[in-house]
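This report concerns only the one structure given below.
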Amino acid sequence: MGKRAISRAESWALRLQAFDFKVKRIPGDLNVADALSRLIAKTQIDEPFDDLDEKHLLFALDAGTMNVTWQEIDLASESDPELVAVCCALKGGAWPENLRRYEAHSKELRSVGSRVFKDDRIVLPEVLRNDVLKMAHQGHIGGAAMKRIMREYFWWPGMSSEVETFVKNCNTCLRISKRNPPVPLTCRQLPNGPWEILQIDFLSLPNCGSGEFLIVVDTYSRYITAIEMKCKDAKSTNTALNKVFHQWGLPLVLQSDNGPPFQSNEFLECWQNKGVDVRKSIPHSPQSNGSVERQNQGIIKALAGAKEEGLNWKGALETYVHVHNTLKPHSRLGVTPFELMVGWKYRGNFPSLWESDKLEAVDRDEIEDKDAESKLSSKRYADNHRGAKPSNIRAGDKVVVVIPKQHKTDPTFSNERFTVLTRQGAKVVIRSERGVEYTRNIQDVKRAPEFEMGNESRTSDNFHMDDNSNHGIAGFGNLNDNDGRYLNSVIFLITL
């Protein structure tokens, strides 16, 4: 039987437990419905619970230790001024202004002694509500499943909203929840000209020569340079970049990820002293250095094809870079990176008619318009495909941050709280309780509740916030949404 069928059967058994009956299945084709058997009795039952043979009323899905007794409910109801006033109103008294939420359900409410019921559900005294919410939240099920369970056995005005608030403020649920969806992309404006803003990155290819390559991409023209590196330290990186810059000149901005060579003081001082603005992408967010990351994919694909065909990797790499830069027009801009870099077409091995004609200069304004249109189209597709949603996190918020996971059952978010210092698009700067500042993608932080449910103590996590890796950490599945997984551990034991 499905969980819904089992729940209905429990409800029927609860309502019929005062009667001595046998359940007998009759096939549908033999159970012919008639008008008389479907007529509703017009008798009014004012005290539906008086005749119950109350031995044990068990609201349970399994055995457990947490329980609420009828004695506790009676004592709490007798001392709850709100329920006392409801009992008086149900016996013919007036409904005061503060009981309007109960009066709206007066036709469904019944009182038995000090107890109040709504149909077959207990109207729980306020003092017991938080304890029952904790019992229902065993296993850290989600808000929707918890509301379904609570509605089977209890009722009070505003119960659904209180359940949602309880789950929202649960620290454990927060830590094991999914990462936030990505925020909508921001279209970067095209630089004013070529070789102004460069993105650099190391590409590891173990089966190709030394296995390390420094990739340089001009964000204006998409012109790429691939350099084989024997060493990845800052000195070797500076030497390789100097050779490139001797040919094309110094850029205005040099953007990289947070790898060790780019974090060293030697690297930073070398280029800052030459007037180059050195910028870092968001840690654990490769998409923030997207131009070079995209070209890395093309290089890997080209070398994989060369390996499949038994070709030399070095020749394949040179061919790919040459074709990309000089022969392959950009799909949206309609010109090659070489044309955008130098202003004329590359004269290669293919015959062409423009050799004897006067070359026209590249229309930079048209290129800028096409680039903006292309990026806007890509943004719309990416936002829709990734399910992007705006984030309302702002400076001053308390947040938790995604932490590395060693096992599938490890939490997604930190136990330590961080304070948001600044936010710029998808980039947020946060400060830990120890005063250390970190930069993260907005997707990797989640607002922490102002008030935490339960008796959980928060201690500092035993992890290292490493900014030297630029690999994203996959989000952990949301245990809150697995409604049926924990149902067998949720207990409501009411003993008479």
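Heads up, the sequence shown is in the working numbering, so the first residue is 581 and it goes up one at a time.
By construction, the Cβ of each residue, glycine as well, lies at the ideal position given by its N, Cα and C atoms.
Per the coordinates, the alpha-carbon of Thr819 lies some 24 Å from the alpha-carbon of Thr899. With contact defined as three or more Cβ pairs closer than 8 Å, the stretch 807–822 and the stretch 863–882 are not in contact.
Look at the beta carbons and you see the stretch 967–981 touching the stretch 1014–1026: at least three pairs across the two are nearer than 8 Å. The continuous beta strand (DSSP E) containing Ala806 extends over residues Ile804 to Met809.
Per DSSP, the beta-bridge partners of Glu1017 are Arg1011.
Of the other Cβ atoms in all chains shown, fewer than 16 fall within 10 Å of the Cβ of His987; this residue is therefore exposed. Ranked by Cα distance from Ala975, the options Tyr961, Ile1010 and Ser994 are led by Ile1010.
Short of 8 Å from the beta carbon of Leu670, and not among the five residues preceding or following it, lie these beta carbons of its own chain, in chain order: Ser686, Leu689, Arg690, Ser691 and Val696. Between Ser694 and Cys667, the CB-CB gap stays under 9 Å. DSSP, reduced to helix, strand and coil, places Glu792 within a strand of the structure shown.
Assigned with DSSP and collapsed to three states, Phe998 falls in strand.
As for any beta strand (DSSP E) of minimum length 3 sitting wholly inside the stretch 834–866, the runs are 857–860, ordered along the chain. Secondary structure of Asp699 (DSSP, three-state): coil. For Ile777, the uninterrupted beta strand (DSSP E) segment begins and ends at Ile777 to Ser784. Counting only runs of 4+ residues, the alpha helix (DSSP H) found wholly inside the stretch 659–725 occupies 661–670, 680–683 and 706–716, in chain order. Using a 10 angstroms sphere on the CB of Ile653, the tally of other CB atoms reaches 16 or more, which defines it as buried. In this structure, Thr745 lies away from Glu776, with their beta-carbon atoms at least 9 Å apart.
CA-to-CA, the gap between Gln769 and Ile947 works out to about 12 Å.
With respect to the C-alpha of Ser1012, the residue from Asp837, Ile1022, Leu1001 and Glu873 having the closest C-alpha is Leu1001. In chain order, Val980, Val981, Ile983 and Asp1041 place their CB closer than 6 Å to the CB of Ser994, counting only its own chain and leaving out the 5 sequence neighbours on each side. If you look at Lys887, you'll find it in the alpha helix (DSSP H) that goes Gly870 to Glu889.
In the DSSP assignment, Val797 is bridged to Gln779 and Ile804. Less than 9 Å divides the Cβ of Ser740 from the Cβ of Lys727.
Beta-bridge analysis with DSSP links Arg1027 to Val979.
Per the C-alpha coordinates, the member of Val1025, Arg755 and Leu655 positioned closest to Pro863 is Val1025. 9 Å or more divides the Cβ of Asp837 from the Cβ of Lys815. If you compare the alpha carbons of Lys698, Gln718, Arg759 and Ser954 with that of Tyr733, the shortest gap goes to Lys698. By the C-beta density criterion, Gln827 is exposed, having fewer than 16 other C-beta atoms within 10 angstroms. Looking at the backbone, the Cα of Thr817 and that of Pro841 are separated by about 7 Å. Between the C-alpha atoms of Phe998 and Gly885 there is a straight-line separation of about 46 Å.
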